[in-house]
Ligand SMILES: [Zn+2]
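Encoded structure:
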């Protein structure tokens, strides 16, 4: 079976490997969801199709993690952010390419775009300043 036929978190990560930010669109009410769901969170129907997000948005909020899970121990401190995609949904990702100096100083509302980090055998969704 083609993994892309199933609206799963696994498929979401398989698409990340291809540098594509994929969610689903409800064909009933047009609600967009990312990561994909099997049932629309708005109208509860299961009439969905894949939807590719552009990957651009604005930083909604962020947190700096100094104590990381074991698998990310050598990455700490790192920044996790919630990004409001231009298409509407919120998604969590690592925030990269920011420093304590202007013009790349992290701030709420900053324009960001998706980046895809290869780490060991998985692809991590990250966002970096959009110019
Ligand atoms: Zn719906």
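Numbering (this note's numbering), first residue to last: 12 to 142. Positions of the beta carbon are idealized from the N, C-alpha and C atoms, including for glycine. Computed from a prediction, not measured in an experiment: that's the story for all the values here.
Exercise for review: Whole angstroms is fine: what's the gap from residue 38's alpha carbon to residue 55's?
Suggested key: 11 Å
Review point. Expressed to the nearest angstrom, what Euclidean distance is found between the alpha-carbon atoms of residue 83 and residue 64?
Key: 27 Å
Review point. Does ligand 1 have even one heavy atom less than 8 Å from the beta-carbon of residue 53?
Key: yes
Check your understanding: How would you call residue 143, buried or exposed, if buried means at least 16 neighbouring beta carbons within 10 angstroms?
Key -> As displayed, the chain neither begins before 12 nor continues past 142, which places residue 143 out of reach and without an answer.
**Study point:** Nearest-angstrom Cα separation, counted from residue 122 out to residue 142
**Key:** 8 Å
Point to revise | Simplified DSSP assignment, three categories, for residue 124 | key: strand
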